[in-house]
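If you're matching them up, the sequences are chains A, B, C, D, E, F, G, H, I and J in order. With full-length UniProt numbering applied, the first sequence corresponds to residues 1 to 96, in that order. With full-length UniProt numbering applied, the second sequence corresponds to residues 1 to 96, in that order. With full-length UniProt numbering applied, the third sequence corresponds to residues 1 to 96, in that order. With full-length UniProt numbering applied, the fourth sequence corresponds to residues 1 to 96, in that order. With full-length UniProt numbering applied, the fifth sequence corresponds to residues 1 to 96, in that order. With full-length UniProt numbering applied, the sixth sequence corresponds to residues 1 to 96, in that order. With full-length UniProt numbering applied, the seventh sequence corresponds to residues 1 to 96, in that order. With full-length UniProt numbering applied, the eighth sequence corresponds to residues 1 to 96, in that order. With full-length UniProt numbering applied, the ninth sequence corresponds to residues 1 to 96, in that order. With full-length UniProt numbering applied, the tenth sequence corresponds to residues 1 to 96, in that order. The beta-carbon is built from N, C-alpha and C at its ideal position, and this holds for glycine as well.
There are 10 protein chains.
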Amino acid sequence: MLFHVRMDVKLPANMPADVANEIKAREKTYSQQLQCSGKWRHIWRLVGEYANYSIFDVGSNAELHDLLSALPLFPYMEIEVTPLCRHPSSVRDGDA
Amino acid sequence: MLFHVRMDVKLPANMPADVANEIKAREKTYSQQLQCSGKWRHIWRLVGEYANYSIFDVGSNAELHDLLSALPLFPYMEIEVTPLCRHPSSVRDGDA
Amino acid sequence: MLFHVRMDVKLPANMPADVANEIKAREKTYSQQLQCSGKWRHIWRLVGEYANYSIFDVGSNAELHDLLSALPLFPYMEIEVTPLCRHPSSVRDGDA
Amino acid sequence: MLFHVRMDVKLPANMPADVANEIKAREKTYSQQLQCSGKWRHIWRLVGEYANYSIFDVGSNAELHDLLSALPLFPYMEIEVTPLCRHPSSVRDGDA
Amino acid sequence: MLFHVRMDVKLPANMPADVANEIKAREKTYSQQLQCSGKWRHIWRLVGEYANYSIFDVGSNAELHDLLSALPLFPYMEIEVTPLCRHPSSVRDGDA
Amino acid sequence: MLFHVRMDVKLPANMPADVANEIKAREKTYSQQLQCSGKWRHIWRLVGEYANYSIFDVGSNAELHDLLSALPLFPYMEIEVTPLCRHPSSVRDGDA
Amino acid sequence: MLFHVRMDVKLPANMPADVANEIKAREKTYSQQLQCSGKWRHIWRLVGEYANYSIFDVGSNAELHDLLSALPLFPYMEIEVTPLCRHPSSVRDGDA
Amino acid sequence: MLFHVRMDVKLPANMPADVANEIKAREKTYSQQLQCSGKWRHIWRLVGEYANYSIFDVGSNAELHDLLSALPLFPYMEIEVTPLCRHPSSVRDGDA
Amino acid sequence: MLFHVRMDVKLPANMPADVANEIKAREKTYSQQLQCSGKWRHIWRLVGEYANYSIFDVGSNAELHDLLSALPLFPYMEIEVTPLCRHPSSVRDGDA
Amino acid sequence: MLFHVRMDVKLPANMPADVANEIKAREKTYSQQLQCSGKWRHIWRLVGEYANYSIFDVGSNAELHDLLSALPLFPYMEIEVTPLCRHPSSVRDGDA
Numbered sequence: 001m002l003f004h005v006r007m008d009v010k011l012p013a014n015m016p017a018d019v020a021n022e023i024k025a026r027e028k029t030y031s032q033q034l035q036c037s038g039k040w041r042h043i044w045r046l047v048g049e050y051a052n053y054s055i056f057d058v059g060s061n062a063e064l065h066d067l068l069s070a071l072p073l074f075p076y077m078e079i080e081v082t083p084l085c086r087h088p089s090s091v092r093d094g095d096a
Numbered sequence: 001m002l003f004h005v006r007m008d009v010k011l012p013a014n015m016p017a018d019v020a021n022e023i024k025a026r027e028k029t030y031s032q033q034l035q036c037s038g039k040w041r042h043i044w045r046l047v048g049e050y051a052n053y054s055i056f057d058v059g060s061n062a063e064l065h066d067l068l069s070a071l072p073l074f075p076y077m078e079i080e081v082t083p084l085c086r087h088p089s090s091v092r093d094g095d096a
Numbered sequence: 001m002l003f004h005v006r007m008d009v010k011l012p013a014n015m016p017a018d019v020a021n022e023i024k025a026r027e028k029t030y031s032q033q034l035q036c037s038g039k040w041r042h043i044w045r046l047v048g049e050y051a052n053y054s055i056f057d058v059g060s061n062a063e064l065h066d067l068l069s070a071l072p073l074f075p076y077m078e079i080e081v082t083p084l085c086r087h088p089s090s091v092r093d094g095d096a
Numbered sequence: 001m002l003f004h005v006r007m008d009v010k011l012p013a014n015m016p017a018d019v020a021n022e023i024k025a026r027e028k029t030y031s032q033q034l035q036c037s038g039k040w041r042h043i044w045r046l047v048g049e050y051a052n053y054s055i056f057d058v059g060s061n062a063e064l065h066d067l068l069s070a071l072p073l074f075p076y077m078e079i080e081v082t083p084l085c086r087h088p089s090s091v092r093d094g095d096a
Numbered sequence: 001m002l003f004h005v006r007m008d009v010k011l012p013a014n015m016p017a018d019v020a021n022e023i024k025a026r027e028k029t030y031s032q033q034l035q036c037s038g039k040w041r042h043i044w045r046l047v048g049e050y051a052n053y054s055i056f057d058v059g060s061n062a063e064l065h066d067l068l069s070a071l072p073l074f075p076y077m078e079i080e081v082t083p084l085c086r087h088p089s090s091v092r093d094g095d096a
Numbered sequence: 001m002l003f004h005v006r007m008d009v010k011l012p013a014n015m016p017a018d019v020a021n022e023i024k025a026r027e028k029t030y031s032q033q034l035q036c037s038g039k040w041r042h043i044w045r046l047v048g049e050y051a052n053y054s055i056f057d058v059g060s061n062a063e064l065h066d067l068l069s070a071l072p073l074f075p076y077m078e079i080e081v082t083p084l085c086r087h088p089s090s091v092r093d094g095d096a
Numbered sequence: 001m002l003f004h005v006r007m008d009v010k011l012p013a014n015m016p017a018d019v020a021n022e023i024k025a026r027e028k029t030y031s032q033q034l035q036c037s038g039k040w041r042h043i044w045r046l047v048g049e050y051a052n053y054s055i056f057d058v059g060s061n062a063e064l065h066d067l068l069s070a071l072p073l074f075p076y077m078e079i080e081v082t083p084l085c086r087h088p089s090s091v092r093d094g095d096a
Numbered sequence: 001m002l003f004h005v006r007m008d009v010k011l012p013a014n015m016p017a018d019v020a021n022e023i024k025a026r027e028k029t030y031s032q033q034l035q036c037s038g039k040w041r042h043i044w045r046l047v048g049e050y051a052n053y054s055i056f057d058v059g060s061n062a063e064l065h066d067l068l069s070a071l072p073l074f075p076y077m078e079i080e081v082t083p084l085c086r087h088p089s090s091v092r093d094g095d096a
Numbered sequence: 001m002l003f004h005v006r007m008d009v010k011l012p013a014n015m016p017a018d019v020a021n022e023i024k025a026r027e028k029t030y031s032q033q034l035q036c037s038g039k040w041r042h043i044w045r046l047v048g049e050y051a052n053y054s055i056f057d058v059g060s061n062a063e064l065h066d067l068l069s070a071l072p073l074f075p076y077m078e079i080e081v082t083p084l085c086r087h088p089s090s091v092r093d094g095d096a
Numbered sequence: 001m002l003f004h005v006r007m008d009v010k011l012p013a014n015m016p017a018d019v020a021n022e023i024k025a026r027e028k029t030y031s032q033q034l035q036c037s038g039k040w041r042h043i044w045r046l047v048g049e050y051a052n053y054s055i056f057d058v059g060s061n062a063e064l065h066d067l068l069s070a071l072p073l074f075p076y077m078e079i080e081v082t083p084l085c086r087h088p089s090s091v092r093d094g095d096a
């Protein structure tokens, strides 16, 4: 079941660089684990913004919330979730 | 080069059903041709809305505009385009 | 799996009363069938507005889209869908 | 008498973790007391957000304000209240 | 129990003047009956707009919805309802 | 001459409680003096919000600005002023 | 007593040119009478828009509403009124 | 050449009173010099807000930017500029 | 003197194709004359939208309004004008 | 390939002047290098705002993101990117 997610990162201006870097490193590791597992299908950077569009493939709303709220950057992000379904014109089996 | 596109369809309330159906049929054919060509990479329906999120893979801004403005539903759509680039955490080669 | 849905009805000002009434009658029958089946868990009117807040309980995003897009009033509604999950403070088994 | 309430929690970035945890623990206890009393009928988490949709069943506007303003998280929340009434299509006795 | 209501009237540009006048005359009669009954406590015009701010005093959400949806101008209005309660600084008994 | 005023209070999160309480106490005294004088005709709390809707009866725009900018909470409020006039359907002499 | 007013004109696309011209001619005459009387102090066009910013000098809110609602273009305008008062830095006697 | 300018002042909550007062004093002196020179034609306070509407009369866009960015309060203001021109209905020579 | 202009074209859905084409042809001719004269410095299409960003170089606000309001598509456009000036980092003589 | 970029600078109120000045000096140097290289085609100041409109000419979305995210002021800016293409009415070869 697919969901479209937009994430905007807003780190506090006074967060020390090493703290920020440590959080970002954990974020990257966690994100790549989810991508390899197939749960986090796509992630793209928006040009010029500290933000991404992502596609998640999960079994339920609850699973998506668990994945998102465990993101190391979760306390510093605005997240917007949109449920998706297959488009009647789609020719691509994976976009179910 | 990837672009995120949101399309919202707003057909006039007084458009006759057969006119609408003919436009939608042409739209579907055209969309599937672009999907098969690889230009229109993904298309998903937003649940509960007459709208889609799509990912296009084109060689230039101009090519994207030509593809979009040739959509049979173009005169009846609001379209919002966001340029994408590879996310530093992405593990997926195709999401370049 | 639960979803929060807001529906705002905007009938064209020039729709004849009997056409509107026939659509509304079909809407009511359809809504009550879904409520009795357990798919449409709750529906409440917003005071002073031609709008409702509803809770749906469905197996997938796709099922929700099928139910919503089959609403007789669907072409005349703005619909906003929000996926829900269990709140950690909830004491109510049904609100899973 | 039913009310739809959306609560968005915005804790200050510099609040110490133990202070936040103590407030959240009191919030949970208070919320569960109100749920058990029947005043707070439903609470659902919005997927990916630190926010909830709730349904309250109270005797008056004043009672609702007293309940909400006594929330331990009240100083850190944006709250939006919408009065509800029975929908003419509802088949569920409790959604009066 | 008090509610703050904002009403914005948007009559279709092509409504014949006599139809509009007949609706407005019924609106005025109905409004004045509710004012005399004490249900519609206050009504003020917003300067330069075809809109009003009103205060209603009703026994329940359902009663307010019944009153508002029976307004002859209801199909042509945008209505926004805000529940009120006594302000702790108020010195006026009637503003309970 | 009547004005509709909405006030939203936003105290800084780090203001000490005794400072806040002292300002609120002065605000209450000042508000009640203006209410007793007839200048501040009504004040109602919005349910669930740290905000009020008020009606002022003053001789001029300048007088209203002087009253509002002297509020002890003025530096911490967002204020929105709307000029009112008698509604043609009003039956209440005081709502002139 | 001074008020800042923004007026945006939105004539229906299907209004015949002679009807529009007749209304605009009456609007101009009416506007110039009010300017000569001193009630309508200033009127400026916004560059590139069918809109104006104006300053009115009237004795009361009610007088302003009467002047505005008598504009021949009133049914086709969006109007936004802001009450003004003397700025403490102003050196100009007339801007009281 | 005339420009309409809205300025909203937002001083940081933790700015010491004497610093704020010193900036405001310089702002007043500077504003009055520009008013006396004829560059800053009008300034009015918005009732209930720490904001003003102003009219500037300058020779070019660049001159206006130089005047505004030299305001002592410039770092603490949101400024919105709208170019004006003579309204075809205007009877006032100075409003060119 | 430079101005940034955004134009969004919204033709009525029921405008006959030949009427639309005739207006667009006149628009193109007029636009190209202004471009050749140097008044209309740049015009770019926004990808996926019936809209453009343009840069005008004119002697005054009034001249800009005259140019824009003479556009054959003017009655069908939303236009937003922003005055520009030289950026202190600019190395390009023409962008004065 | 051309892109329209709006940048709004929001420096923290408590940033020391010398830190701000050092960042701005690096920003200027970097901007001028990109301008001289032809990548950053235009930059204009918005009158009265700490903001600019710019036109970039780059080979890909990724190149634009790399240029923008390397701006010394990047952490303190809101950036909005719009892809452009040649307007069918354009007479200017460079605006391809």
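- prompt: How about residue 47 of chain H: is its C-beta nearer than 7 angstroms to some C-beta of chain F?
  reply: yes
message: On the criterion of 16 or more Cβ atoms from any shown chain inside 10 Å, does residue 14 of chain C qualify as buried, or is it exposed?
response: exposed
message: Measuring straight from C-alpha to C-alpha, what distance separates residue 44 of chain G and residue 23 of chain J?
response: 41 angstroms
task: Quick one: using the 10 Å Cβ neighbour count with 16 as the cut-off for buried, is residue 38 of chain C buried or exposed?
output: exposed
Neighbour flag for residue 1 of chain C against chain A, beta carbons, 7 angstroms: yes
Inter-residue CB distance, residue 5 of chain G and residue 54 of chain G (contact presumed, cutoff 8 angstroms): 5 angstroms
task: Let me know the secondary structure DSSP gives residue 19 of chain H once reduced to three states.
output: helix
- prompt: When you check each C-beta in the UniProt domain "Muconolactone isomerase" (1-89) of chain F against every C-beta of chain M, which residues fall closer than 9 angstroms?
  reply: In the structure shown, chain M does not exist; the protein chains are A, B, C, D, E, F, G, H, I and J.
message: Please identify the residue among D:57, D:41 and D:50 whose C-alpha is closest to the C-alpha of residue 7 of chain D.
response: D:50
query: Got a sec: is the Cβ-Cβ distance from residue 95 of chain B to anything in chain A below 7 angstroms?
result: yes
field: Coarse secondary structure for residue 87 of chain E, derived from DSSP in three states
entry: coil
- request: Tell me, to the nearest whole angstrom, how far the beta carbon of residue 88 of chain J is from that of residue 61 of chain B; I am working on the premise that it is less than 8 angstroms.
  value: Their Cβ separation, rounded to whole angstroms, is 14 angstroms, which puts residue 88 of chain J and residue 61 of chain B out of contact at 8 angstroms.
- prompt: Closest to residue 91 of chain F by CA distance: which of E:12, E:68 and E:30 is it?
  reply: E:30
message: Using a Cβ-Cβ cutoff of less than 8 angstroms, which residues in the same chain neighbour residue 77 of chain A once the five nearest sequence positions on both sides are dropped?
response: 7, 8, 9, 10 and 71
- prompt: Relative to the alpha-carbon of residue 93 of chain H, which residue among G:36, G:27, G:19 and G:20 has its alpha-carbon at the smallest distance?
  reply: G:36
First and last residue of the uninterrupted beta strand (DSSP E) at residue 70 of chain D: Note, residue 70 of chain D: premise wrong, no beta strand (DSSP E); not H, not E.
message: Looking only at its chain, what residues have a beta carbon closer than 8 angstroms to the beta carbon of residue 67 of chain D, apart from the 5 residues adjacent to it on each side?
response: 34, 39, 40, 56 and 58
DSSP bridge partner residues for residue 81 of chain B (one or two, in chain order): B:5
message: Taking the alpha-carbon of residue 21 of chain D as reference, which of D:46, D:3 and D:73 has the nearest alpha-carbon?
response: D:73
message: I need the straight-line Cα distance from residue 96 of chain J to residue 65 of chain E, nearest angstrom please.
response: 58 angstroms
task: Determine the contact status of residue 19 of chain H and residue 48 of chain J, defining contact as a CB-CB distance below 7 angstroms.
output: no
message: Taking the straight line between their C-alpha atoms, what separation do you get for residue 1 of chain C and residue 85 of chain C?
response: 7 angstroms
task: Hey, could you find the ends of the beta strand (DSSP E) residue 46 of chain F is sitting in?
output: 40-46
field: Range covered by the beta strand (DSSP E) that runs through residue 54 of chain D
entry: 51-57
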